[in-house]
Structures are given as C-alpha cells and as structure tokens.
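Report on the structure given below.
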Ligand code: ADP
Ligand code: ZN
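Residue numbers (the working numbering): 251 to 997.
See the structure below:
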C-alpha cells in the first residue's frame with residue numbers, strides 16, 4: 251500500500267490519537283486536509299476529519315484498515331494553520347483530537363452531514379436615529395436597554411447581535427421603530443464593504459501611541475511571527491493601537507483576530523471595531539445561535555469577512571491569511587477555560603500566531619507575570635504607553651487604614667459598619683459636585699458567613715465544603731459553589747446559640763451607602779443584580795447617563811469601562827482576595843486593584859482612589875498606591891522563583907471527583923503510585939505534590955482530591971502526562987479524573 255493511499259484522520263469521538271484509513275479510488279485527488287469526512291468507526295459511522303497523508307502502519311495492521319466512506323464538503327472547514335493549532339491543543343492539554351476539533355467548530359459542522367450554506371446573505375441591521383435615549387423611554391426599560399446597546403456599539407448593529415445581547419430585542423426594536431427612534435435596514439453582506447470609516451478615528455495619535463503603531467506597522471510589513479507586549483496604563487488608548495494595526499494588516503490583504511475578555515461588559519470596544527471596519531468584522535460571543543456561528547465561520551473561511559473580534563473560543567476562528575492576533579487584557583482570568591478542553595486562549599493565541607507567521611500583540615495595563623517573564627527573556631518585544639491620552643493625570647491613590655479609621659457606629663442595623671469617615675466624606679463631596687463614584691468589593695451577598703456566637707460553628711453548605719452567604723434581598727442563605735439556597739437559620743445547629751452575620755458583601759455595602767448618604771442614588775452591579783444581559787446593559791447605560799451616583803459592585807465594575815463622570819473609586823476592602831490559598835493571590839489582587847483604580851478620572855476631571863484595608867503593609871496594596879507595577883512584578887517574580895512557581899515552573903493539576911469519599915481517595919492514591927513509578931530521572935526535575943484533598947474538599951456532594959505536578963519545562967512533564975492520560979481508561983467511571991495543564995484555579 252503506498253502512503254498516498256493512506257489518510258490520517260481524527261475521529262469525532264472521545265478517543266485518543268489519529269487513525270489511519272484507506273483512501274478509496276473514487277476519492278483520490280478529491281481530498282484536502284481539513285475536510286470533514288464520513289468514516290466507519292467501531293460498529294457505526296462517525297464524523298471524521300482528514301488531516302493529511304499517513305505513513306503506513308506495520309504490515310499486520312494494514313490489512314485491517316478501513317476505507318473513508320464519503321467526503322462531506324468541497325472546501326475544507328479547517329484551514330491548515332488551524333489544524334496545526336488544534337493538534338497542538340490536543341497534545342498540550344491532553345484532550346482527544348476529535349473532541350478538540352468539534353469544540354472549535356460551529357454546531358452546524360459537528361454532525362456527520364453534508365455541509366449546508368448558512369443563510370442569510372441578507373442581514374438586518376438596526377440603526378439608531380437618535381444619539382441619546384429620550385425621556386419617554388424612562389418607563390420602558392427594555393426599549394431603553396436595546397437603544398442603549400445600539401448607541402454603545404456605535405449606533406448600528408446586526409439585529410441578531412442585539413437580540414442575543416438583549417433577549418426579546420426583536421420585539422423591542424419593533425416598538426422603537428414605531429416610535430421613530432430606530433430604523434431597520436436590510437443589507438446583502440458584500441465583501442469589502444467598509445462603512446463609517448472616518449467615525450471616531452482620532453486625527454492624532456499620542457507620541458507613545460505613534461511609536462507603538464510605527465513598530466507594529468513595520469512588523470506587519472515585514473511579516474512573520476513577531477510577538478509584542480503592549481503595556482499601557484489604564485486610559486492610555488491601547489484600543490486605538492490595535493485598530494491601527496488591524497488597518498495595516500487589512501492593507502496587506504491579511505486577516506486579524508482580536509480576543510477580548512467579555513463582550514457584554516465592553517460594548518464600547520466592539521463598537522469601535524464595528525464603526526471602523528463595518529461589515530469586515532465578525533463579532534463572536536457565547537450568545538450566538540447555531541446558524542449565526544455557522545454563518546460567521548463560513549464567511550471567515552471564504553475570506554469575505556477578514557476580522558474576528560471575540561471571546562476566548564474565538565481563538566479557533568478560521569480567519570484567512572492571518573496577519574495579526576491581538577489579545578486585549580491578556581491577564582484576564584476569563585481566557586482560561588475551566589471545563590472540557592481546559593485551554594488558555596492567550597497562550598494558544600501566541601501558538602497560533604507562530605504557526606501562521608503572524609504578528610501577535612498582548613495588551614494590558616497589568617500584564618500577567620508569565621507574559622512579563624517572556625518579555626524579560628527577550629522573547630516578546632515591549633511597547634509601552636506610560637501616559638494617559640490627552641495628558642490626563644493618573645488618579646491619585648490614598649490608603650485608609652481600617653485599624654485607625656474605625657467606621658462610625660451604625661445608625662439602625664446591628665452589623666458593624668464598613669465605610670470609614672474619610673470614605674463617606676469623599677463620597678458625599680464627589681456627589682455634591684455632580685460627579686460619580688464606583689465602590690468595589692469582590693464579594694457578593696450581604697454577609698459572607700454566619701457564625702455561632704456561643705460555639706463558633708459556622709453555617710456550611712450540606713453538599714459543599716464552603717460557608718453559606720447571607721443574601722438579604724432574597725432572605726436566604728446561598729452556596730456560591732452549587733447555588734443551593736436555604737431559609738436563613740435562626741439558631742446554631744450544634745448548640746442552638748444565636749448566629750452572627752460576619753464578612754461583608756456588596757449587598758451590605760449598598761445598604762450602608764443608602765443609610766449614610768441618603769441623597770445618593772445607589773445601584774449594585776454583580777451577578778445577583780445583573781441577572782440577564784439586558785439588565786447588565788441597562789445598568790451600565792443608566793450609569794453612563796448619570797442617573798446613578800454610586801455604583802457598588804464586584805469585579806464587574808473593574809473591567810475596561812470608560813465612564814468620564816467617575817472621579818472617585820473606593821476599594822471597600824483591599825484584603826479580601828489576599829488570603830485565598832493560591833500562589834497567584836497577590837498578583838490577582840494587584841491586577842484587580844489597578845484595574846478598578848483605572849476607572850477613575852478618565853474624563854476631563856481628575857480622579858482619585860481610596861483604598862480601605864487592614865493590611866497596609868501587604869505588597870500588592872503598597873505598590874498599587876504608587877502605581878508601581880514594575881516594583882510589584884519584580885518582587886513577585888523573585889518570590890515565584892524562590893518557591894518554584896510559574897512562570898519559573900510549568901505545572902499540571904490532576905483532579906479527582908467522586909460520590910464516594912473512600913473510592914475517590916483510593917483512586918487518588920493509585921494515581922499517585924502510578925505517577926511515582928513513571929517518574930522520569932531526577933535530573934529532569936519533575937516533582938509531585940500530593941495526592942491531597944483539594945482546598946475545597948467537597949462540591950455538590952462530591953469529594954475532591956488533587957495531585958500537582960511541577961517541572962522546569964513543559965517538555966519534562968509531557969511524557970508523564972501522556973502516560974497518565976493513557977492510564978485514565980482503567981479508572982472506574984464513578985471517579986472523574988481531569989488533567990489540567992498550566993492550571994489557573996488552585997482551589
Ligand atoms: P485603554 O484601553 O488603554 O484603557 P482606551 O483605548 O479605552 O484606553 O482609550 C481611552 C480613551 O481615549 C477612549 O475614550 C479613546 O477613544 C480615547 N483615545 C484614544 N486614543 C486617542 C487619541 N489619539 N486622541 C484622542 N482620544 C483618544
Ligand atoms: Zn453548595
């Protein structure tokens with residue numbers, strides 16, 4: 251059998267590796283890599299992906315080879331650079347290749363069916379006919395939200411996009427049309443249509459933007475893989491740098507891929523891409539319908555749309571002739587997927603750029619230490635924007651030491667207050683000037699735990715090893731891991747003693763603001779209040795319209811918002827995320843504090859930031875006060891080096907979960923023994939920590955164990971992980987084992 255007769259195929263089933271099939275005579279010359287095909291597998295037929303010619307297996311096995319049955323599409327769904335990326339992902343993250351490919355494809359292409367062309371080629375666009383929401387909409391929140399979304403994205407968006415951002419928007423938009431506020435246009439999507447090119451394009455770049463753009467243009471003109479870190483302080487105009495780089499790639503006929511953390515939270519950024527590039531942009535988010543995902547996929551494959559802007563999973567978007575990859579807010583934890591294929595999209599973005607020979611830009615005000623270390627080693631080139639646009643000053647940051655500045659006694663409620671006099675004074679002063687305030691606390695609910703005053707027992711979830719959070723608005727205690735809610739217990743279960751409400755959440759902060767500053771219009775933004783994309787958009791829009799004075803919220807308020815009215819940002823408690831048993835706790839704290847502080851003073855009025863803490867000596871707190879990112883990073887990197895944590899070590903976590911505590915423990919020990927036996931020579935430096943119960947030892951009634959592997963390089967870890975993956979077929983199915991390579995979550 252000649253090699254040209256043999257095909258390497260990934261099968262769309264949860265099985266490891268690639269399989270060899272015979273190319274039947276009728277199909278010779280009709281196959282190209284990346285095509286979806288039909289193959290016999292086991293006793294049935296399965297979807298397969300032709301990856302290229304295969305080398306002949308040993309004689310004895312080739313007799314059993316089966317033929318490819320059918321080709322399901324003319325032009326391949328997967329472009330060559332994407333095949334390379336998916337192979338890398340399967341190998342690196344130890345996940346079956348066929349499943350990796352299926353998770354990248356739109357649902358319309360994951361069935362063993364002949365490819366259908368996605369309709370429509372005609373798309374409906376909603377166009378706002380006003381530039382702000384008129385007063386008559388005050389009593390129509392749904393219409394107001396739909397209009398707010400449209401205005402936020404530049405006044406014009408496909409109907410479909412508004413409809414996933416805001417459920418029910420089709421109906422709502424019709425009402426807006428009746429009111430004469432919105433128009434619906436029907437358009438045939440034609441390639442190369444660039445609308446509103448001049449819209450919002452600043453005439454002049456700042457000198458720093460100009461220098462960064464020049465370097466990127468040179469890199470794009472030269473071509474080839476060139477990675478950059480764009481380290482720009484908050485408000486320095488990073489987005490404009492991305493836009494100019496995308497323009498240049500387009501001028502060379504090349505496509506761009508732009509990854510952003512969350513689209514619902516950053517409609518402004520999407521709007522800027524849309525208003526600059528019009529129909530050249532596909533916006534890819536988790537709310538897309540199957541047909542729309544297929545439509546975008548096909549448009550990108552055909553090259554009729556050349557820019558993809560999207561969340562994590564867009565790293566797999568089939569952008570043709572890829573010239574540029576951008577990862578905005580590259581430090582953001584949302585780039586790590588925490589189930590199934592546990593990939594880090596920022597890392598895959600760099601791999602993809604390398605395979606495609608593209609320029610890649612990782613942008614952030616607070617780069618991850620991994621990216622920073624790559625820059626220090628000379629792997630990435632650094633572009634810096636140290637100043638804000640228009641010479642706006644960075645906000646001044648000051649500390650409120652809660653050990654000295656005791657909050658005053660409460661007026662009504664029995665709980666200890668949390669807002670100190672300096673904070674309350676600053677808030678009242680800001681509101682009196684007609685300016686706005688953001689209050690940040692990274693915990694939702696009212697009180698984060700209930701504890702017995704007599705015996706000290708805290709109220710825990712019956713299914714999870716975590717304390718229940720008291721939510722006053724629902725009058726319930728809720729588990730933030732499994733979501734179970736119970737009525738509030740009146741007494742301790744152990745000793746019937748009275749229960750104290752301890753630990754502060756956003757609900758309680760909101761109540762305290764309302765009580766202390768009655769004239770303030772307060773709202774809360776967290777996962778409890780922003781129950782839908784509709785509410786979220788409406789709340790952000792209402793804050794932008796200055797109908798709210800004080801916005802209290804979790805990390806949702808820290809993301810890339812650009813609210814010019816905000817001149818005061820208060821961090822209610824800087825310490826909350828420091829105590830988490832995770833080696834990245836300090837880094838996350840620094841990032842969050844810096845990002846939320848960056849919301850202050852983005853307009854013409856200067857901003858200030860007040861940070862309440864019980865730990866003024868903690869390094870992330872001290873450094874963020876003086877905008878000392880470099881100093882923080884330097885010290886944290888030294889600490890990581892001493893303790894052998896990433897970026898100086900590569901890690902993999904093996905996690906186990908099972909109903910039975912004994913069985914899970916026994917499987918964990920079994921895997922521990924297996925790893926110990928399979929350990930490479932000591933000189934490779936691979937180390938095993940555990941098996942041990944996970945820091946949260948039970949979730950949803952399932953016991954959790956983990957093993958951590960550390961090694962100087964991923965290459966030292968890879969053979970061991972491959973053997974471990976092969977071993978997992980022997981594990982009883984009652985215990986679920988997952989391998990998490992380069993893990994983010996440590997709990
Ligand atoms: P970052 O992402 O770095 O925090 P943005 O990209 O959101 O900052 O830019 C901050 C603000 O400055 C935006 O409102 C943007 O439109 C504006 N901006 C950016 N570049 C310029 C420029 N060269 N001239 C005027 N305004 C600019
Ligand atoms: Zn629970």
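Using N, Cα and C, we set each Cβ at its ideal position, and we do this for glycine too. Computed from a prediction, not measured in an experiment: that's the story for all the values here.
Query                                                                                                                             : Result
Environment of residue 914 [buried if 16+ CB atoms lie within 10 Å]                                                               : buried
DSSP-derived helix/strand/coil call for residue 713                                                                               : coil
Residue 404 to residue 411 span [Cα, whole Å]                                                                                     : 13 Å
Contact under 7 Å by Cβ, residue 657 with residue 670                                                                             : yes
Beta strand (DSSP E) segment containing residue 300, residue limits                                                               : 294 to 303
Residue 639, DSSP secondary structure in three states                                                                             : helix
Beta-carbon proximity check, residue 511 vs residue 428, cutoff 7 Å                                                               : no
Three-state secondary structure assigned by DSSP to residue 551                                                                   : helix
7 Å Cβ shell around residue 726 - same chain, five flanking residues per side excluded                                            : 735, 736, 737 and 738
Residue span of the beta strand (DSSP E) that contains residue 817, given as start and end                                        : 816 to 821
Residue 856 Cβ short of 6 Å to ligand 1 heavy atom set                                                                            : no
Other residues of its chain near residue 614: CB distance less than 6 Å, five sequence neighbours each side excluded              : 579, 580 and 581
Any non-hydrogen atom of ligand 2 closer than 6 Å to residue 491 Cβ                                                               : no
Which listed residue (803, 742 and 777) has its alpha carbon closest to that of residue 761                                       : 803
Buried or exposed (CB count within 10 angstroms, at least 16 for buried), residue 662                                             : Any answer about residue 662 is weak, because its pLDDT of 49 lies below 50 and its placement is not dependable; what the coordinates show is given next. By the neighbour-count rule (16 or more Cβ atoms within 10 Å), residue 662 is not buried but exposed.
The region 844 to 855 / the region 483 to 491 touching (three or more Cβ pairs under 8 Å)                                         : yes
Element boundaries [alpha helix (DSSP H), containing residue 478]                                                                 : Where residue 478 is concerned, there is no enclosing alpha helix (DSSP H), although the beta strand (DSSP E) it sits in stretches over 476 to 482.
Meets three-Cβ-pair contact criterion under 8 Å: the region 461 to 475 and the region 540 to 551                                  : no
Same chain, Cβ closer than 6 Å to residue 838, neighbours up to 5 away in sequence not counted                                    : 827
Counterpart residues of residue 986 in DSSP-defined beta bridges                                                                  : 907
CB-CB length for residue 351 against residue 291, believed under 8 Å                                                              : The pair is not a contact, with the Cβ atoms about 15 Å apart (cut-off 8 Å).
Residues bridged to residue 690 (per DSSP)                                                                                        : 803 and 821
Reduced DSSP category for residue 916 - H, G, I as helix; E, B as strand; rest coil                                               : helix
Validate contact between the region 929 to 938 and the region 689 to 697 using beta carbons, cut 8 Å, 3 pairs                     : no
Straight-line Cα distance separating residue 910 from residue 271                                                                 : 42 Å
Residue 732: CB within 6 Å of a non-hydrogen atom of ligand 2                                                                     : yes
Spatially closest choice to residue 414 from 400, 641 and 425, by CA coordinates                                                  : 400
Any non-hydrogen atom of ligand 1 closer than 6 Å to residue 485 Cβ                                                               : yes
Exposure of residue 385, with buried meaning 16 or more beta-carbon neighbours within 10 Å                                        : exposed
Opposing strand residues paired with residue 213 [DSSP bridges]                                                                   : No answer is possible for residue 213: it lies beyond the span of the chain, which begins at 251 and ends at 997.
Closer than 6 Å: residue 330 CB and nearest ligand 1 heavy atom                                                                   : no
heavy atom of ligand 1 below 6 Å from residue 452 C-beta                                                                          : yes
Proximity of residue 871 and residue 824 at Cβ, strictly below 7 Å                                                                : yes
Spatial neighbours of residue 701 in its chain, beta-carbon cut-off 8 Å, leaving aside the 5 residues before and after            : 707, 708, 709, 749, 750 and 752
Nearest residue (CA-CA) to residue 529, options 407, 741, 874 and 567                                                             : 407
Beta-carbon contacts of residue 609 that lie in its chain and below 6 Å, excluding the five residues immediately before and after : 469, 470, 476 and 574
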